[in-house]
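2 protein chains.
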Amino acid sequence: MINILIADDHTMFVDGMESILKSEPDFFVVGRSYDGPSVIEFLASNSVDLVLLDVNLPGMNGIEVCKEINANHTDVKVLAISMFNEESFVSEILNHGAKGYILKNTGRDELLKAIRTVANGESYFSKDVTETIMKGLMNQRKASAKSAAFFPKLSRREKEVLKLIAQEFTTQEIADSLFISLKTVESHRSSLLSKLNARNSVGLVRIAMENNLLEG
Amino acid sequence: MINILIADDHTMFVDGMESILKSEPDFFVVGRSYDGPSVIEFLASNSVDLVLLDVNLPGMNGIEVCKEINANHTDVKVLAISMFNEESFVSEILNHGAKGYILKNTGRDELLKAIRTVANGESYFSKDVTETIMKGLMNQRKASAKSAAFFPKLSRREKEVLKLIAQEFTTQEIADSLFISLKTVESHRSSLLSKLNARNSVGLVRIAMENNLLEG
DNA sequence: TTAATTATGGGGGTTTACCCGAAGTTTTAT
DNA sequence: ATAAAACTTCGGGTAAACCCCCATAATTAA
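Keeping their order, the protein sequence lines are chains A and B.
Letter by letter, the first sequence follows residues 1 to 216 of the numbering used here.
Letter by letter, the second sequence follows residues 1001 to 1216 of the numbering used here.
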């Protein structure tokens, strides 16, 4: 008997998976989670063999959840599921302890096979995912450039500075408002220019606006 | 009896919906399509009352499919389904004849209600989608009001310079590309700063983007 | 036909932004 | 536990942006 927790915020999708799993006598769906934190919560007080984990969970990223599971519930296997066959997603969650990765357009038979394989301690990747990984390994340069240009993570200070730049404050004004030196602000802007691959502050603000980075 | 065609390339998702619809006596799933062209093909030789149409279909976009249905199968209702609560998706497919729009994290009850409502000839939008549309309309009104009442007219040259500033070119580069002097470009920028009431180029670009001034 | 705006440019100056480097701290990975 | 990477913090120097003064021809509006 394999105890399974389904973690996905798309109701219909969860229904679909559950209807498939229900027909298998050795599978038992012990719970459903619709966000990251509730997965952690559920694992604390329930016996779970395998988590079907959506990579794009609200609240807490699927990758964070996976890291947490790998740290505190080493006996729980993770089978990652995602809409997207993105090399960055795949490699990142695999680096954080997921044992398998399948796409949401996977068929019934492959889903069952993937669950049995991962529950048994082995790894499973669907064909498309395998291709993506291989492709990523082959031209690492392109992949890293892609993921780096796609969405680099900005530090807390960098985001603060970026927002103030977008509000047309000068470097000195930003420095005063953050109680740091003018030179420090310039350093943060320099990091931003490098990370976002912009030539000047205009580029920073354009990219920030295009990615809705000026809200949170 | 409502004859339903499910058009979505995510197997598990289709399974989920079918398992929900099967329990309703007045629903009948007449077919499944995994891409756009096969939807059109199916409609040509089958009697269908309603299509559950994924907006992001492979091969042929959901919007294209919807346009086609609206043109050649006026009796067939379309209920759009999507992962994404994107204002652009919603408004575009609604403009092409879809009668409803729900998200994939919609629950069982709401799905059934949406199908019945749309099959009955009315419109249905889930709460989140309604909010998104309203927000889009409000922004539009805000933007148009802004541009009509408060937005000063920019001359042809000023718009050209503004676009080049937004593309991160330096003053000298802009001057070279327009075959005018550096001083002239600075003069135009100065006018822009004054007209748009901005403190620097960052403000110019922010205002330009907020008013969709960087297209035409 | 005036008057206003636009497009073009110059001189000269102040402020700001950007580049190179670097040290101490914190976080992450092995 | 230890090494590597990233973050935060600055200084010095140069290129660019921004500001104020001004001026002339062309276009547009009143």
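Where is the CB? At the ideal position from N, CA and C, for every residue including glycine.
Treat the numbers as computed from the prediction; the structure is a model and nothing was measured.
CA-CA distance, residue i and residue j?
i: A:Glu41; j: B:Lys1159; result: 55 Å
i: A:Ala208; j: A:Pro152; result: 12 Å
i: A:Lys67; j: A:Arg116; result: 22 Å
i: B:Asn1212; j: B:Gln1172; result: 25 Å
i: A:Asp8; j: A:Ser38; result: 11 Å
i: B:Glu1215; j: B:Arg1206; result: 14 Å
i: B:Phe1027; j: B:Asn1120; result: 13 Å
i: B:Lys1163; j: A:Leu193; result: 20 Å
i: B:Ser1191; j: B:Leu1154; result: 9 Å
i: A:Pro25; j: A:Asn3; result: 11 Å
i: A:Ser147; j: A:Asn200; result: Its pLDDT being 33, under 50, A:Ser147 is placed unreliably in this model, and the value from its coordinates should be taken loosely. Whole-angstrom Cα-Cα distance: 21 Å.
i: A:Val90; j: A:Glu210; result: 25 Å
i: A:Thr170; j: A:Glu186; result: 10 Å
i: B:Met1017; j: A:Thr74; result: 34 Å
i: A:Lys22; j: A:Phe179; result: 59 Å
i: B:Asp1128; j: A:Leu57; result: 17 Å
i: B:Leu1053; j: A:Lys183; result: 55 Å
i: A:Thr106; j: A:Lys113; result: 11 Å
i: A:Asn61; j: A:Tyr124; result: 21 Å
i: B:Ser1177; j: A:Ser177; result: 38 Å
i: B:Ser1181; j: A:Ser181; result: 37 Å
i: A:Ala98; j: B:Ala1098; result: 39 Å
Going by the CB atoms, is the gap between residue j and residue i shorter than 8 Å?
i: B:Val1055; j: B:Ala1071; result: no
i: B:Phe1013; j: A:Lys195; result: no
i: B:Leu1005; j: B:Ser1045; result: no
i: A:Val118; j: A:Gly100; result: yes
Since residue i contacts residue j with CB under 8 Å, what's their CB separation in whole angstroms?
i: A:Val48; j: A:Val30; result: 6 Å
i: B:Asp1188; j: B:Arg1157; result: Note that residue 1188 of chain B is His in the sequence shown here, rather than Asp. The Cβ separation is near 6 Å, so the contact holds.
i: B:Val1078; j: B:Gly1036; result: Not quite, the Cβ-Cβ distance comes to about 13 Å (not below 8 Å), so this is no contact.
i: A:Leu204; j: A:Ile165; result: 6 Å
i: B:Ala1198; j: A:Glu168; result: 6 Å
i: B:Val1161; j: A:Val202; result: Not quite, the Cβ-Cβ distance comes to about 12 Å (not below 8 Å), so this is no contact.
i: B:Leu1043; j: B:Ile1069; result: 7 Å
i: B:Ser1126; j: B:Ile1093; result: At roughly 14 Å, the Cβ-Cβ gap does not stay under 8 Å, so B:Ser1126 and B:Ile1093 are not in contact.
i: B:Ile1020; j: A:Asp15; result: 6 Å
i: A:Ile63; j: A:His10; result: Contact doesn't hold; Cβ gap of about 18 Å is too wide.
i: A:Met83; j: B:Met1001; result: With a Cβ gap of about 33 Å, A:Met83 and B:Met1001 do not count as contacting.
To which residues does DSSP link residue i through a beta bridge?
i: B:Asp966; result: Because chain B here runs from 1001 to 1216, residue 966 of chain B falls outside it and cannot be looked at.
i: B:Phe1042; result: DSSP output for B:Phe1042 lists no bridge partner at all.
i: A:Arg102; result: The amino acid at residue 102 of chain A is misidentified as Arg; the sequence shows Ile. A:Ile102 is bridged to A:Ile81.
i: B:Phe1125; result: B:Tyr1101
If you follow the alpha helix (DSSP H) that residue i is in, where does it begin and where does it stop?
i: B:Val1030; result: B:Val1030 -> not in any alpha helix (DSSP H); beta strand (DSSP E) instead, spanning 1027-1033.
i: A:Gly16; result: 11-22
i: A:Ile180; result: Run containing A:Ile180: none; DSSP gives neither H nor E here.
i: A:Leu204; result: 201-210
i: A:Leu111; result: 108-119
i: B:Lys1163; result: 1156-1166
i: A:Val76; result: Note, A:Val76: premise wrong, no alpha helix (DSSP H); not H, not E.
Tell me where the beta strand (DSSP E) around residue i begins and ends.
i: A:Ile6; result: 2-7
With hydrogens ignored, establish whether the beta-carbon of residue i is closer than 7 Å to any heavy atom of the ligand GTP.
i: A:Lys153; result: Only the bare structure without any ligand can be found here, which leaves the ligand GTP out of the picture.
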